[in-house]
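In the numbering used here, the protein residues as written are 811 to 1058.
Pasting the structure below:
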């Protein structure tokens, strides 16, 4: 299902919403964090690099948007105990969670499956698939405390159309698509809505790493597309559940 990027949101549209964003420290996650805070949401910024998390935090505060919360966590090395503590901290501090945005992921290297580096494969699957699964499972009770919650899984074209050499990244995104659909059916009679979301090409370091000869300036910056996530976290998208969403 295609959605447009022309949504106009108001400053307090997401006031009193608590939304956790993984990979909130850079790229699309940073842009999402800033726009959600601009719309009045309190963003729990989860990322492994404290320095860049603090940089994004400072940017939000300087713009006089809703102050976010920093939560440093390395998804590659995180254990079930870390996720249990995150759920406990969120429940104790906010008593609910209104949104969970699985944005963090790594591409690794493009190479044939026959030659794929085993350590890299494990790292990609851990960050891109296992971490979203565990985060979702442990935070489910906190999401159920909200009267209107959404889980958003960031996906990709190569998670819907298999392409040679995309290896672990493509496999992880295909799995994310499946996880998203399964959850939407299992939770269809609850207050939680679930979608996968492909925002398309952006001017990010991740894209530059896999398309080094591409003119990066031909792609829009993350800030151009992040308002679409505000729409998906708002009441305006309440009827969306279970669809594969693609930004146009």
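Yeah, the Cβ is synthetic: ideal placement off N, Cα and C, and Gly gets one too. On a predicted model such as this, the values are computed, not experimentally measured, just so you know.
Residue i: buried (16+ other C-beta within 10 angstroms of its C-beta) or exposed?
i            : result
residue 820  : exposed
residue 878  : buried
residue 1044 : buried
residue 918  : buried
residue 827  : buried
residue 957  : exposed
residue 839  : buried
residue 1008 : buried
residue 866  : buried
residue 1037 : buried
residue 860  : exposed
residue 912  : buried
Mapping the DSSP letters down to three states, classify residue i as helix, strand or coil.
i            : result
residue 1023 : coil
residue 893  : helix
residue 838  : helix
residue 769  : In the structure as shown, the chain begins at 811 and stops at 1058. Residue 769 is therefore absent and cannot be evaluated.
residue 972  : coil
residue 850  : coil
residue 886  : coil
residue 845  : helix
residue 817  : coil
residue 1034 : helix
Work out the CA separation of residue j and residue i for me, nearest whole Å.
i            : j            : result
residue 869  : residue 972  : 38 Å
residue 981  : residue 822  : 38 Å
residue 984  : residue 1006 : 10 Å
residue 905  : residue 952  : 7 Å
residue 848  : residue 837  : 17 Å
residue 876  : residue 863  : 15 Å
residue 907  : residue 955  : 7 Å
residue 945  : residue 937  : 11 Å
residue 885  : residue 893  : 10 Å
residue 872  : residue 835  : 16 Å
residue 843  : residue 901  : 20 Å
residue 1051 : residue 996  : 11 Å
residue 968  : residue 976  : 8 Å
residue 1055 : residue 959  : 17 Å
residue 851  : residue 922  : 42 Å
residue 991  : residue 1053 : 8 Å
residue 1024 : residue 1015 : 12 Å
residue 855  : residue 830  : 6 Å
residue 1034 : residue 1003 : 25 Å
residue 942  : residue 1046 : 25 Å
residue 933  : residue 998  : 32 Å
residue 989  : residue 950  : 14 Å
residue 895  : residue 928  : 30 Å
residue 874  : residue 1048 : 28 Å
Check for me: the beta strand (DSSP E) holding residue i runs from which residue to which?
i            : result
residue 936  : No beta strand (DSSP E) contains residue 936, which DSSP labels as neither H nor E.
residue 1042 : First-last for residue 1042: 1037 to 1042, but that is the alpha helix (DSSP H), not the beta strand (DSSP E).
residue 964  : 959 to 964
Return the bridge partner residues of residue i from the DSSP annotation.
i            : result
residue 1008 : 1056
residue 812  : 1056
residue 856  : 832, 881
residue 909  : 829, 960
residue 1002 : 959
Which two residues bound the contiguous alpha helix (DSSP H) that contains residue i?
i           : result
residue 945 : 941 to 953
residue 992 : 977 to 996
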